[in-house]
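*Asks:*
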Amino acid sequence: MHHYQKISVIIPALNEEESIGMVLNDIPGEIVEDIIVVDNGSNDNTVAVAKNLGATVVLEPLRGYGAACLRGISSLKQDTDIVVFLDADYSDYPQDLYTVVKPILNGKAEMVIGSRMTGEKEKGALLPQAVFGNKLATFLIRLFWSFKYTDLGPFRAIKYRDLLALNMMDKNFGWTVEMQIKALNKRLRIMEVPVRYRKRIGISKITGTFSGTVRAGVKIIYTIFKYGFIK
1 MHHYQKISVI
11 IPALNEEESI
21 GMVLNDIPGE
31 IVEDIIVVDN
41 GSNDNTVAVA
51 KNLGATVVLE
61 PLRGYGAACL
71 RGISSLKQDT
81 DIVVFLDADY
91 SDYPQDLYTV
101 VKPILNGKAE
111 MVIGSRMTGE
121 KEKGALLPQA
131 VFGNKLATFL
141 IRLFWSFKYT
151 DLGPFRAIKY
161 RDLLALNMMD
171 KNFGWTVEMQ
181 IKALNKRLRI
191 MEVPVRYRKR
201 IGISKITGTF
211 SGTVRAGVKI
221 IYTIFKYGFI
231 K
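Be aware that the sequence shown starts at 1, since it is given in full-length UniProt numbering, and climbs by one per residue.
#1: From Arg196, Gly217, Glu192, Phe173, pick the residue whose C-alpha is nearest to that of Gly133; which is it?
#2: Quick test of the definition: if touching needs 3 or more C-beta pairs under 8 Å, does the region 111-123 touch the region 147-154?
#3: Tell me, please, whether the region 20-28 touches the region 101-108 by the rule of three or more beta-carbon pairs shorter than 8 Å.
#4: Quick one, which of Lys51, Val9, Ile20 has its alpha-carbon nearest Glu33's?
#5: Look at the alpha carbon of Leu127 and the alpha carbon of Lys199, and state the distance between them as a whole number of angstroms.
#6: Keeping to the same chain, check which residues put their C-beta closer than 8 Å to that of Met168; ignore five residues upstream and five downstream.
#7: Using the beta-carbon count (16 or more within 10 Å), is Ala130 buried or exposed?
#8: Buried or exposed for Ile141, going by 16 or more other Cβ atoms inside 10 Å?
#9: Going along the chain, which residues of its own chain have a beta-carbon closer than 6 Å to the beta-carbon of Leu14, five neighbours each way excluded?
#10: For Tyr98, list the residues DSSP reports as bridge partners.
#11: How is Lys121 classed by DSSP in three states: helix, strand or coil?
#12: Alpha carbon to alpha carbon, what distance is there between Lys219 and Arg63?
#13: How is the alpha helix (DSSP H) around Ala130 delimited, first residue to last?
#14: Could you give the distance in angstroms between the alpha-carbon of Leu163 and the alpha-carbon of Ser75?
#15: Less than 7 Å between C-beta atoms, sequence neighbours within five positions excluded: which residues of the same chain meet that for Asp89?
#16: Nearest to Thr56 by alpha carbon, out of Pro12, Val195, Lys226?
#17: Thinking C-beta only, is Ser91 closer than 8 Å to Ala125?
#18: Going by C-alpha distance, which of Gln78, Lys135, Leu184 is nearest Ile7?
#19: Taking the C-alpha atoms as reference points, what is the distance between Ile224 and Val58?
#20: Given that a residue counts as buried once 16 or more other Cβ atoms are within 10 Å of its Cβ, and exposed if not, what is Pro154?
#21: Would Ala157 and Ile35 be called neighbours here (beta carbons separated by less than 8 Å)?
#22: Can you pull the DSSP bridge partners for Thr213?
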């Protein structure tokens with residue numbers, strides 16, 4: 001039996017008042033100690049809803065998924081053991097959190113990616129451009145690092161001390177792929193587990209617009225080549 005490990009959850013949020021309450025309510029409170037919602041400049045009631053449900057809310061005015069995650073990391077308590085990243089739009093199933101952290105709790109991995117590709121997906125939950133982008137990115141990673149990821153899924157868990165050692169830098173779309181590449185470079189034990197995925201509430205900040213899709217795709221591919229050639 002594993003010794004007790006403290007789990008903290010970081011949720012980047014931008015105008016998610018309709019969904020953030022459902023996300024927070026579905027997080028299994030019996031295993032999670034700390035929930036940090038990073039407000040990325042919302043102009044709706046996201047902050048009020050999150051505070052009412054007992055989450056710690058921190059503000060990151062610089063727009064960007066990576067920037068919000070970095071702010072969340074800097075707000076963690078130092079005695080945290082495992083950090084989980086979860087989206088605020090209710091596309092992930094927070095109930096799957098135990099599935100995601102279990103390999104770390106059991107000492108089988110230092111990082112676990114929740115794979116939407118191998119899990120059950122609601123029809124239309126993953127837009128075609130997201131599926132294509134994932135396939136291309138994971139193919140390129142396999143080419144450079146000989147490691148087979150199936151997804152750059154946002155729902156993931158990593159040991160706190162290993163997360164700090166990755167020295168994460170990306171402020172926007174390259175965040176997830178940067179973490180997965182740096183984990184390979186650091187030779188962390190990495191696993192993927194299937195997670196369920198459904199249509200998000202509201203419009204995606206990335207794949208919901210054409211320009212967002214292109215910018216995200218370019219940044220992800222740039223990040224792969226950057227780290228691929230400086231290994």
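Glycine residues also receive a C-beta, built at the ideal position from the N, C-alpha and C atoms. Note that the coordinates shown come from a computational prediction; the quantities given were computed from them, not determined experimentally.
*Replies:* Answer, in terms of the structure:
#1: Within the sequence shown, residue 133 is the residue found at index 133, counting from 1. Ranking Arg196, Gly217, Glu192, Phe173 by Cα distance to Gly133 puts Gly217 first.
#2: yes
#3: no
#4: Taking the first residue of the sequence shown as position 1, residue 33 is located at position 33. When each option's Cα is compared against that of Glu33, the closest is Val9.
#5: Indexing the sequence shown from 1 puts residue 127 at position 127. Indexing the sequence shown from 1 puts residue 199 at position 199. Going from the Cα of Leu127 to the Cα of Lys199 covers about 9 Å.
#6: Position 168 of the sequence shown, counted from the start, is the residue given in the question as residue 168. Excluding positions up to five away in sequence, the list reads Gly66, Cys69, Leu70, Ile73, Trp175, Glu178, Met179, Lys182.
#7: What you label residue 130 is simply residue 130 of the sequence shown in a count that begins at 1. That one is buried.
#8: In the sequence shown, counting from the first residue as 1, residue 141 sits at position 141. The residue in question, Ile141, is buried, as its Cβ has 16 or more Cβ neighbours within 10 Å.
#9: Residue mapping note: residue 14 aligns to position 14 of the sequence shown, counting from 1. Asn40, Ser42.
#10: The residue you call residue 98 lines up with position 98 of the sequence shown. Paired residue(s): none; Tyr98 is not in a bridge.
#11: Counting from 1 along the sequence shown, the entry for residue 121 is found at position 121. Looking at Lys121 - three-state DSSP - the assignment turns out to be strand.
#12: The residue labelled residue 63 in the question sits at position 63 within the sequence shown. The residue labelled residue 219 in the question sits at position 219 within the sequence shown. Cα to Cα, Arg63 sits roughly 15 Å from Lys219.
#13: The sequence position of residue 130 within the sequence shown is 130, counting from 1. From DSSP, the alpha helix (DSSP H) with Ala130 extends over 128-145.
#14: Taking the sequence shown and counting its residues from 1, the one referred to as residue 163 is at position 163. Taking the sequence shown and counting its residues from 1, the one referred to as residue 75 is at position 75. Leu163 and Ser75: Cα-Cα distance of roughly 14 Å.
#15: Start at 1 with the first residue of the sequence shown, and residue 89 comes out as number 89. Same-chain partners within the cutoff: Glu16, Ser19, Arg200, Ile201, Gly202.
#16: Along the sequence shown, read from residue 1 onward, the residue named residue 56 stands at position 56. The option with the nearest alpha carbon to Thr56 is Pro12.
#17: As a position in the sequence shown, residue 125 is number 125, starting the count at 1. As a position in the sequence shown, residue 91 is number 91, starting the count at 1. Yes, Cβ-Cβ distance for Ala125 and Ser91 is below 8 Å.
#18: Taking the first residue of the sequence shown as position 1, residue 7 is located at position 7. It is Gln78.
#19: On the sequence shown, position 224 is the one that residue 224 refers to. On the sequence shown, position 58 is the one that residue 58 refers to. So the alpha carbons of these two residues sit roughly 30 Å apart.
#20: Here residue 154 refers to the residue found at position 154 when the sequence shown is read from its first residue. It is buried - the Cβ of Pro154 has at least 16 other Cβ atoms within 10 Å.
#21: Looking up residue 157 in the sequence shown gives position 157. Looking up residue 35 in the sequence shown gives position 35. Contact flag unset, no.
#22: On the sequence shown, residue 213 is found 213 positions in, with the first residue counted as 1. DSSP lists no partner for Thr213.
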